[in-house]
Amino acid sequence: MLNTLPSKLPDIGSTIFTEMSALALQCQAINLGQGFPDYPPPGPLIQAVSEAMSQGHNQYAPMAGLPQLREAIASKVQAQHGRIYSTESEITVTSGATEALMSSLLALTHPGDEVLLIDPAYDLYAPSIRLAGAEAVRVPMRPPETDDPMFRVDWNRIESAITAKTRMLVLNFPHNPTGLTLKPEDLDALEAIVSRHPILLLSDEAYEHIVFDGFTHLSPVSRPLLADRTVLVSSFGKTFHATGWKIGYCCAPEPVMAETRKVHQFTVFSVSTPMQAGIARYLRESDTLSELSGFYQKKRDRLLSGLKETLLRPLHSEGTFFLLVDTAALGSGLEKELSVRVTREIGVASIPVSAFYADPNRPESNHGLLRLCFAKLDATLDQALERLRGLNTWVAG
Numbered sequence: 005m006l007n008t009l010p011s012k013l014p015d016i017g018s019t020i021f022t023e024m025s026a027l028a029l030q031c032q033a034i035n036l037g038q039g040f041p042d043y044p045p046p047g048p049l050i051q052a053v054s055e056a057m058s059q060g061h062n063q064y065a066p067m068a069g070l071p072q073l074r075e076a077i078a079s080k081v082q083a084q085h086g087r088i089y090s091t092e093s094e095i096t097v098t099s100g101a102t103e104a105l106m107s108s109l110l111a112l113t114h115p116g117d118e119v120l121l122i123d124p125a126y127d128l129y130a131p132s133i134r135l136a137g138a139e140a141v142r143v144p145m146r147p148p149e150t151d152d153p154m155f156r157v158d159w160n161r162i163e164s165a166i167t168a169k170t171r172m173l174v175l176n177f178p179h180n181p182t183g184l185t186l187k188p189e190d191l192d193a194l195e196a197i198v199s200r201h202p203i204l205l206l207s208d209e210a211y212e213h214i215v216f217d218g219f220t221h222l223s224p225v226s227r228p229l230l231a232d233r234t235v236l237v238s239s240f241g242k243t244f245h246a247t248g249w250k251i252g253y254c255c256a257p258e259p260v261m262a263e264t265r266k267v268h269q270f271t272v273f274s275v276s277t278p279m280q281a282g283i284a285r286y287l288r289e290s291d292t293l294s295e296l297s298g299f300y301q302k303k304r305d306r307l308l309s310g311l312k313e314t315l316l317r318p319l320h321s322e323g324t325f326f327l328l329v330d331t332a333a334l335g336s337g338l339e340k341e342l343s344v345r346v347t348r349e350i351g352v353a354s355i356p357v358s359a360f361y362a363d364p365n366r367p368e369s370n371h372g373l374l375r376l377c378f379a380k381l382d383a384t385l386d387q388a389l390e391r392l393r394g395l396n397t398w399v400a401g
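Going by our numbering, the letters in the sequence shown line up with residues 5 to 401, in that order.
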């Protein structure tokens, strides 16, 4: 009987991140694939969490999150984007951005609905939409071209994909994997779209504090018309180098948040109390958020500089802790096959960008690009670059 158990996700196995991290471990490769730092969270934050445990913050938190953390989130979002959210009814602390995204999709989409995804899209979205009974409609970005080596969003194409069944558009900026950020003209285009179509926006902003070259993150919630339709999702794990803590949050207008909380309370109910208490205190006492972009830009630039001595051509990253590299000098073929070969033979693991498309094996999903994570110690990046220089000999051989 168990062998014939029907699956809700019959074509889903281990994620590419699990697969490549396991291969990196097997091959003793340097893992620039999965997006996690190899350095600890800030010392004062660890101390704040430890003291929260010692002070007795060890039982269930309120379902929506500790009041002091929701207040800190409200202050942060207002300072960043000018949007005021009610701490009582419009902010929920979640088990990472992942749970915020899943709970929102389960709560706000229904069988028969369509949800637009912008390809390449983070691999969480499509399975979550399917579990909600809705259908993912994927709209590709324009891939990099010789005279413009960056991905570009075609908002006209996105609007053309909207039908009477469209319930939601999922946004992910700063964008994983491309590193693209939103510009004022992008928000203009979004405002035009929502003024003509009654759709919701689910805005995954996990990398909101990692934006480079003097620019700042532009969120849809910075525009009142968009904020009234938007669920904002973010991640303390990404922000504070603590991905294993799984603490995130979402903000949305009260009627929307009321529905998301219904799913949240029966999924996890509440999340780690001492982590919440520690983060709330750290946000009050630290100015780390303003320093994060500069911290990561140094790492991005270190990787960029070192890649000049390899056969990999880096694309520009405007944000996130990822950098795409063009592998044209290594020959053609499926990106995943190349990623596996480089992991096995050179000793550096990456993620093929094709994994962020519906079918990684289709030609239109393969642009000869790999994603590298630079959220690593300088010594780790230097060691990876030393190995990647071996590609010159590898190709010549």
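Beta carbons are placed, not taken as given, at the ideal position from N, Cα and C, and that holds for glycine.
* Within 10 angstroms of its Cβ, does T220 collect 16 or more other Cβ (buried), or is it exposed? -> As a first step, residue 220 must be located in the sequence shown, where it is residue number 216. Flag for T220 reads exposed.
What span of residues does the alpha helix (DSSP H) with E103 cover, start to end? The count along the sequence shown starts at 1 and reaches residue 103 at position 99. G100 to L112 is the extent of the alpha helix (DSSP H) around E103.
How big is the Cα-Cα spacing for N62 and T182? Against the sequence shown, residue 62 aligns to sequence position 58. Against the sequence shown, residue 182 aligns to sequence position 178. Approximately 39 Å, taken between the alpha carbons.
Practice task
Flag this pair as touching only if the stretch 16-34 and the stretch 63-76 have three or more C-beta atom pairs under 8 Å; answer yes or no.
Solution key: no
Quick one, are the C-beta atoms of L121 and L206 less than 8 Å apart? Position 117 of the sequence shown, counted from the start, is the residue given in the question as residue 121. Position 202 of the sequence shown, counted from the start, is the residue given in the question as residue 206. Against a cut-off of 8 Å, the Cβ pair of L206 and L121 comes out as no contact.
**OP:** Kindly indicate the opening and closing residues of the beta strand (DSSP E) around E313.
**Re:** Position 309 of the sequence shown, counting from 1, holds the residue named residue 313. Counting along the chain, E313 falls outside any beta strand (DSSP E), and DSSP gives it neither H nor E.
Could you round the C-beta distance between E212 and S226 to whole angstroms and report it? I think they count as a contact, below 8 Å. As a first step, residue 212 must be located in the sequence shown, where it is residue number 208. As a first step, residue 226 must be located in the sequence shown, where it is residue number 222. Actually they are not in contact, since the Cβ atoms of E212 and S226 sit about 11 Å apart, beyond 8 Å.
Item to check | With 16 other Cβ atoms within 10 Å as the buried cut-off, status of T167 | outcome: As a first step, residue 167 must be located in the sequence shown, where it is residue number 163. T167 is exposed by the Cβ-count criterion.
Tell whether a beta-carbon distance below 8 Å holds between D208 and N176.
-> Taking the first residue of the sequence shown as position 1, residue 208 is located at position 204. Taking the first residue of the sequence shown as position 1, residue 176 is located at position 172. Result yes, Cβ atoms of D208 and N176 sit closer than 8 Å.
field: For N370, the nearest candidate out of T234, E163 and L338 (CA to CA)
entry: One-based indexing of the sequence shown puts residue 370 at position 366. Closest option to N370, Cα to Cα, is L338.
query: From I133 to S93, what does the alpha carbon distance come to, in whole angstroms?
result: In the sequence shown, residue 133 corresponds to position 129, counting from 1. In the sequence shown, residue 93 corresponds to position 89, counting from 1. Taking the straight line joining both Cα atoms gives about 25 Å.
Cutoff 8 Å: Y300 Cβ touching any chain B Cβ:
Of the chains in the structure shown, none is chain B; there is only one protein chain.
Note to self: Using 8 Å as the cut-off, can you tell me whether the stretch 327-345 makes contact with the stretch 301-318, which would need three or more C-beta pairs spanning the two stretches below that distance?
What the structure shows: yes
Going by other Cβ atoms of all chains shown within 10 Å of its Cβ, with 16 needed for buried, is Q30 buried or exposed? Numbered from its first residue, the sequence shown carries residue 30 at position 26. Label assigned to Q30: exposed.
Exercise. Please say whether P356 and P364 have beta carbons closer to each other than 8 Å?
Key: Along the sequence shown, read from residue 1 onward, the residue named residue 364 stands at position 360. Along the sequence shown, read from residue 1 onward, the residue named residue 356 stands at position 352. Going by C-beta atoms, P364 is nearer than 8 Å to P356.
Practice item. Just the C-alpha distance for R393 and S343, rounded to the nearest angstrom, thanks. Key: For the purposes of this step, residue 393 is identified with residue 389 of the sequence shown, where counting begins at 1. For the purposes of this step, residue 343 is identified with residue 339 of the sequence shown, where counting begins at 1. Cα to Cα, the separation comes out at about 15 Å.
Rounded to the nearest angstrom, how far is the Cβ of A140 from that of Y129, given a contact under 8 Å?
-> For this step, residue 140 is matched to residue 136 along the sequence shown. For this step, residue 129 is matched to residue 125 along the sequence shown. Going by Cβ atoms, the distance from A140 to Y129 rounds to 7 Å, so yes, they are a contact pair.
CB T271 to CB S107, shorter than 8 Å? Within the sequence shown, the letter at position 267 stands for residue 271. Within the sequence shown, the letter at position 103 stands for residue 107. A contact, by the Cβ cut-off of 8 Å.
Nearest neighbour of T98, chosen from L13, T277 and T397 [CA to CA] = Along the sequence shown, read from residue 1 onward, the residue named residue 98 stands at position 94. It is T277.
So, are the CB atoms of E163 and A138 less than 8 Å apart? Here residue 163 refers to the residue found at position 159 of the sequence shown. Here residue 138 refers to the residue found at position 134 of the sequence shown. In this structure, A138 does not lie closer than 8 Å to E163 by Cβ.
- Integer Cβ distance of R171 from I203, believed to fall under 8 Å: In the sequence shown, residue 171 corresponds to position 167, counting from 1. In the sequence shown, residue 203 corresponds to position 199, counting from 1. So it is a contact: roughly 7 Å between Cβ atoms.
Taking the Cβ atom as the reference point for each residue, do L73 and Q280 lie within a distance shorter than 8 Å? One-based indexing of the sequence shown puts residue 73 at position 69. One-based indexing of the sequence shown puts residue 280 at position 276. Contact: yes.
Checklist entry - Is F360 closer than 8 Å to A26 when the C-beta atoms are compared? => result Counted from its first residue, the sequence shown places residue 26 at position 22. Counted from its first residue, the sequence shown places residue 360 at position 356. The answer is no: Cβ separation not under 8 Å.
**Report entry** For L73, the residue or residues it bridges with in DSSP
**Finding:** For the purposes of this step, residue 73 is taken as residue 69 along the sequence shown, with counting starting at 1. L73 pairs with nothing; no bridge assigned.
- Quick one: residues in its chain with C-beta nearer than 8 Å to the C-beta of R200, no 5 flanking neighbours on either side, listed in chain order? Taking the sequence shown and counting its residues from 1, one reaches residue 200 at position 196. Answer for R200: E163, listed in chain order.
Report task. Run the CB neighbour count on S354, radius 10 Å, all protein chains shown included, and call it buried at 16 or more, exposed below. Result -> For the purposes of this step, residue 354 is identified with residue 350 of the sequence shown, where counting begins at 1. The residue is buried, with at least 16 neighbouring Cβ atoms inside 10 Å.
Going by DSSP in three states, A140 sits in which element: helix, strand or coil? The residue given as residue 140 occupies position 136 in the sequence shown. Looking at A140 - three-state DSSP - the assignment turns out to be strand.
- What residues match up with T397 in a beta bridge as DSSP calls it? One-based indexing of the sequence shown puts residue 397 at position 393. Beta-bridge pairing links T397 to no other residue.
By alpha-carbon positions, which one of V352, P71 and H320 ends up nearest to E149? For the purposes of this step, residue 149 is identified with residue 145 of the sequence shown, where counting begins at 1. Closest by alpha carbon: H320.
Practice task
Can you give me the start and stop residues for the beta strand (DSSP E) that G252 sits inside?
Solution key: As a working mapping, residue 252 is identified with position 248 in the sequence shown. Run containing G252: G252 to C255, per the beta strand (DSSP E) assignment.
According to DSSP, is F298 helix, strand or coil? Here residue 298 corresponds to residue number 294 of the sequence shown, with the count starting at 1. Residue identity differs from the one stated: residue 298 is Gly in this sequence, not Phe. Of the three classes helix, strand and coil, the one that applies to G298 here is helix, per DSSP.
Taking the C-alpha atoms as reference points, what is the distance between S294 and M261? As a first step, residue 294 is located in the sequence shown; it is residue number 290 there, counting from the start. As a first step, residue 261 is located in the sequence shown; it is residue number 257 there, counting from the start. Rounded to whole angstroms, S294 to M261 spans 28 Å at the Cα level.
Name the two residues that bound the continuous alpha helix (DSSP H) containing M279. For this step, residue 279 is matched to residue 275 along the sequence shown. Taken as a continuous stretch (DSSP letters only), the alpha helix (DSSP H) holding M279 covers T277 to E289.
Within the continuous alpha helix (DSSP H) that includes V357, where are the two ends?
As a position in the sequence shown, residue 357 is number 353, starting the count at 1. Looking at the DSSP string, V357 is not in any alpha helix (DSSP H), and its letter there is neither H nor E.
- Message: Beta-carbon within less than 6 Å of E55's beta-carbon, same chain only, minus the 5 sequence neighbours each way: which residues are those?
- Response: In the sequence shown, the residue the question calls residue 55 occupies position 51. Taken in chain order, the list of residues that qualify is empty.
* How should T243 be labelled, buried or exposed, when 16 other C-beta atoms within 10 angstroms of its C-beta is the threshold for buried? -> By 1-based counting over the sequence shown, the position of residue 243 is 239. Buried, by the Cβ-count rule.
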